[in-house]
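Positions 9 to 85 (my numbering) are the ones given, in order, by the sequence shown.
Ideal placement from N, C-alpha and C gives every residue a C-beta, glycine not left out.
Only a predicted model underlies this, so the values are computations on that prediction, with no experimental measurement involved.
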Amino acid sequence: MQPGASPYVVLMDTLKIQPTTMEVQVHNTKNNVRLLLQVTALKFNSARFKINELNPIRKRYEIPVGDALVGEPKQQE
């Protein structure tokens with residue numbers, strides 16, 4: 009891929025910012041699919057990024073809390 013040739017475009021008019029979370033839609037111009045990017049500020053100067061299809065054909069599998077994590081990550085206050 010050439011620099012500047014990314015098929016992904018951030019749709020700034022969909023940006024929602026809250027004290028510990030931010031979400032915005034991302035458009036894939038190659039296959040005309042919209043994604044939802046969610047960024048959550050966590051304790052200990054870390055962040056959680058999640059990207060999922062905005063309108064999936066079927067729901068994406070998520071590992072249940074407790075299988076890979078001791079608990080749900082704690083958000084920054």
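Identity of the residues DSSP links to residue 26 by a beta bridge:
Looking at the DSSP assignment, residue 26 forms no beta bridge with any residue, so it has no partner.
Along the beta strand (DSSP E) that carries residue 82, what are the first and last residues, could you check?
For residue 82, there is no enclosing beta strand (DSSP E), as DSSP marks it with neither H nor E.
Residue 29 versus 45, 15, 17 and 40, residue with shortest Cα-Cα distance:
The candidate whose alpha carbon is nearest that of residue 29 is 45.
Taking a contact to mean a Cβ-Cβ separation below 7 Å, would you say residue 35 touches residue 19 in this structure?
Contact: yes.
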